[in-house]
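Below is one structure, written out as structure tokens; comments come after it.
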Ligand code: XMP
């Protein structure tokens, strides 16, 4: 990878966004834990170091600490929120303790303008403590209307109380770019997929000893597809054993279509038809976590049979998962078991290779383009491993799956017809196994409910529901109720994430 920025994570939920924004600006950036060793940080030869925000108070003994002088001897520093307070405190400033956190929009006034002609700016903040007095050598840069210090600088240090990385802060990208150019003397970044593709390929070659084989289970999604193609370019097709399983939980015609795309990519792929095995194992099961566990177990049994002489397992783990596991807050509670990555290689007794673990989803899509994957494969909406089993609420059987498949097919067809598919991050139907009364023709009907879900998102970590036009919803509901026997009512899900999750189970 190119030389870039190191971001030290003090536990903010926005740390990954700092990395993302810097990469969008063309600078390679990497998140490390706040207590990463000095030697390891030095070995990266960073252009600059960013100290992230975090939920703790610098004034608490137990809060995460780091010597600012040691860090600034390596590279210029940018402190954000908690990072700013840590710098101010260690450099001789005073902090004011607060027991309450303030968060939301604020307006700040620049005393010294960093961006030409920008005197006031709308920013987003989330903080408890504040700076009462600046360190002796610091220069005030901005305040808010209540005289809260919102930015300062000192030799090779820039610090913001607000979060330049979140989209609610105006010109946040320009401020990060200012730090990169003016403090770190970095010219326009050269982080691009072209520049890292060759690196990724040579890393794979180094990681996998000659003659060893890699097992790669494909899901039809962009992450596993790009992983397989990248591995095949690095090692040659014969050393990458790919498997695509028909779980019987895929959408209409999905198995055939995806399998054809894989064949046209010339992957060494085997299709495994296992519909009966999955449905038998799921028979009578209604609990979502049980469903996930059962499906995971059946997958493992199939993989054990198929992996033959492979010693390595490829996974399409992405950077947000890696960052999540670094957080000083720990891994937290399990909302859904798929968020706990890493169990599979242990169960299969294979060594893990994760070629995409430094990339964000949009970077993976770009990489996919440069590896000649078709647009249909690259731009497919994410689809969960347990498939329709977690969209068919309650018991899963072929009768229910058929209803769900038909409704979902109509929905996706309408999205494509109306040029909406690519504007939406993920869209699908959920079958609610409750009967409601209606009238179809001249008689009373008593049939189940389909809920339609469509969300916009950057990474699936947060999401908003998509504002369809009235006519789109009218036509969709009319088609589903008329064309899918067994469905008597259509509802639209208007829940954002959080508090909802994207899938219903
Ligand atoms: P949630 O529902 O957690 O979903 O907001 C976030 C993203 O993850 C997908 N998802 C899964 N993917 N196995 C997977 O491989 C699962 O068990 C699973 N559950 C949810 C979901 O479709 C969304 O893109």
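Numbering (this note's numbering), first residue to last: 4 to 508.
Cβ coordinates follow ideal geometry from the N, Cα and C atoms, glycine included.
Tell me where the beta strand (DSSP E) around residue i begins and ends.
i           : result
residue 123 : 123-130
residue 429 : 429-443
residue 110 : 105-113
residue 220 : 217-221
residue 315 : 315-317
residue 75  : It is not in any beta strand (DSSP E) - residue 75 instead sits in the alpha helix (DSSP H) that spans 71-75.
residue 142 : 142-147
residue 354 : 354-356
residue 152 : 152-157
residue 160 : 160-163
residue 12  : 8-12
Using the rule of at least 16 other Cβ atoms within 10 Å of the residue's Cβ for burial, across every protein chain shown, is residue i buried or exposed?
i           : result
residue 333 : Any reading at residue 333 must be qualified, since the residue scores a pLDDT of 43, below 50, and its modelled position is unreliable; the value itself is stated next. Exposed.
residue 244 : buried
residue 320 : buried
residue 508 : buried
residue 414 : buried
residue 504 : exposed
residue 18  : buried
residue 378 : exposed
residue 343 : In this predicted model, residue 343 has a pLDDT of only 46, less than 50, meaning its place in the structure is not dependable; the value taken from the coordinates is given anyway. Exposed: under 16 other Cβ atoms inside 10 Å.
residue 71  : buried
residue 226 : buried
residue 9   : buried
residue 109 : buried
residue 194 : buried
residue 53  : buried
residue 219 : buried
residue 257 : buried
residue 392 : buried
residue 302 : buried
Hey, quick one: how far does the alpha helix (DSSP H) through residue i stretch, first residue to last?
i           : result
residue 400 : No alpha helix (DSSP H) contains residue 400, which DSSP labels as neither H nor E.
residue 91  : 85-93
residue 484 : 473-486
residue 510 : Only positions 4 to 508 of the chain appear in the structure, and residue 510 is not among them; the question remains open.
residue 365 : 364-373
residue 203 : 196-210
residue 379 : 378-381
residue 179 : 175-181
residue 301 : 291-309
Going by DSSP, which residues form a beta bridge with residue i?
i           : result
residue 495 : 455
residue 247 : 221 and 274
residue 468 : 458
residue 97  : 136
residue 448 : 441
residue 256 : The partner list for residue 256 (beta bridge, DSSP) is empty, contrary to what the question assumes.
residue 490 : 451
residue 82  : 54 and 162
residue 395 : 434
Kindly examine the ligand NAD and report whether one of its heavy atoms sits closer than 7 Å to the Cβ of residue i.
i           : result
residue 500 : For the ligand NAD, the structure offers nothing, since it holds only the ligand XMP.
Query raised in the report: Which parts of the stretch 22-67 are runs of the beta strand (DSSP E), unbroken and 3 residues or longer, counting only runs that do not cross its ends?
Result: Taken in chain order, the complete beta strand (DSSP E) segments of 3 residues or longer contained in the stretch 22-67 are 32-36 and 51-54.
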